[in-house]
Amino acid sequence: MTTSSSERGVSLGMPELPAPAYPDDVRARLERDAREIIARYPDSRSALLPLLHLVQSEEGHVTRTGMQFCADVLNLTTAEVTAVATFYTMYRRKPSGDYQVGVCTNTLCAVMGGDAIFEELQEHLGVGNGETTDDGKVTLEHIECNAACDFAPVVMVNWEFFDNQTPRSAKRLVDDLRAGRPVEPTRGARLCTFKETARILAGFPDERPGAVEASGSAGPASLVGLRLAKGEAAPARVVHPRGEAPQGESPHDPSPTEHLSSHDAPQDTSASDPAHPAGPIAEEGE
Ligand code: FES
1249 MTTSSSERGV
1259 SLGMPELPAP
1269 AYPDDVRARL
1279 ERDAREIIAR
1289 YPDSRSALLP
1299 LLHLVQSEEG
1309 HVTRTGMQFC
1319 ADVLNLTTAE
1329 VTAVATFYTM
1339 YRRKPSGDYQ
1349 VGVCTNTLCA
1359 VMGGDAIFEE
1369 LQEHLGVGNG
1379 ETTDDGKVTL
1389 EHIECNAACD
1399 FAPVVMVNWE
1409 FFDNQTPRSA
1419 KRLVDDLRAG
1429 RPVEPTRGAR
1439 LCTFKETARI
1449 LAGFPDERPG
1459 AVEASGSAGP
1469 ASLVGLRLAK
1479 GEAAPARVVH
1489 PRGEAPQGES
1499 PHDPSPTEHL
1509 SSHDAPQDTS
1519 ASDPAHPAGP
1529 IAEEGE
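Going by my numbering, the first residue of the sequence shown is number 1249, and it counts up by one from there.
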């Protein structure tokens, strides 16, 4: 049965109910914060992205109430705000967990074990991509490259780095998060909840101990190229084809401190997890 255009017109023409309002005290507090954010920009509408983070910090996701608030304080239409909020994946459109666990499954992380980590976490947590555990603690997501490829495979929790993960270490990580046990990112400041992260992303001071000093930190693997460029390290070692190392030299003896090269990323990766070895899967009969 088809629907007549007049019937479609009636249903499409139904006015949408107005978004529920924030309680007065919440709205007053958010307006104070919003004024501070808007004052940073010559054109008020430029403040939309941080304001969406601000409303996300209030409810854990961007609600219709939050979008209406942004539209009101920026003198935009709700359609304009919705277009932006639905374009960027950093804005959540539905309630989700305290900890967003993002597994990088871009090319390098994927081949280094990111795909295996994601699959095991799905099974371990009983959730799919973008879904949240029943206890409301963890939302599992695929994420794109975060420019930490030299520490692949990378897992990010609320945008803090957990480098060189394995399926086993990633499962331990989510178990700790769900149980409320403290976890330490590999680098950067201490972990905070998704709402707290959203407030920092809105541009308010990051007052976590070590946040400022840690923000520019890079691990040894990231600095290898720089050191080589400065001539601070010996030229890259030659990796001989299997079985062709000159007499007395082992092809697996990199002496990393003397012969740094881009091959010298931390070795504690999925290759160290015997249950999930890295490398190509052998075809049957090979
Ligand atoms: S591919 Fe994962 S951080 Fe770059």
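C-beta atoms are modelled at their ideal positions from N, C-alpha and C, and glycine is treated no differently. Predicted model only: the values in this text are computed from it and were never measured.
Going by DSSP, what residue range makes up the beta strand (DSSP E) through Glu1408? Glu1408 to Phe1410
Asp1512 versus Ala1364: straight-line alpha-carbon distance, rounded: Residue confidence for Asp1512 is low, a pLDDT of 46 falling below 50, so the modelled location carries little weight and cannot support an answer.
What is the rounded straight-line gap between the Cα of Val1310 and the Cα of Glu1480? 48 Å
Three or more C-beta pairs closer than 8 Å, one from the segment 1380 to 1391 and one from the segment 1345 to 1365: is that the case here? yes
For Arg1280 and Leu1300, the rounded distance between their alpha carbons: Leu1300 and Arg1280 have their C-alpha atoms some 15 Å from each other.
Close-in-space but distant-in-sequence residues of the same chain around Ile1286 (CB under 6 Å, 5 per side omitted): Ser1292 and Ala1295
Any residues whose CB sits closer than 7 Å to a heavy atom of the ligand FES? List them in chain order? With the criterion CB distance below 7 Å from any heavy atom of the ligand FES, the matching residues run Cys1352, Asn1354, Thr1355, Leu1356, Cys1357, Gly1362, Cys1393, Asn1394, Ala1395, Ala1396, Cys1397, Ala1400, Pro1401 and Val1402 along the chain.
Just verifying my parser: in three-state terms, what is the DSSP assignment at Thr1414? Three-state DSSP puts Thr1414 in coil, outside helix and strand.
Measuring CB to CB, does Cys1352 end up less than 9 Å from Asn1412? no
Mark Pro1298 as exposed unless 16 or more other C-beta atoms lie within 10 angstroms of its C-beta, in which case mark it buried. buried
C-beta atoms of Gly1362 and Gln1370 nearer than 9 Å: No. Outside cutoff.
Helix, strand or coil for Leu1299? Go by DSSP, reduced to three states. helix
Taking Leu1265 as the reference, give the member of Val1359, Thr1414, Arg1312 and Arg1341 with the closest Cα. Arg1312
Can you tell me the Cα-Cα spacing of Glu1506 and Ser1470, whole angstroms? In this predicted model, Glu1506 has a pLDDT of only 42, less than 50, meaning its place in the structure is not dependable enough to derive any value.
Taking 6 Å as the limit between beta carbons, can you name the residues of its chain near Glu1368, skipping five residues before and five after? Pro1415
Reduced DSSP category for Val1472 - H, G, I as helix; E, B as strand; rest coil: helix
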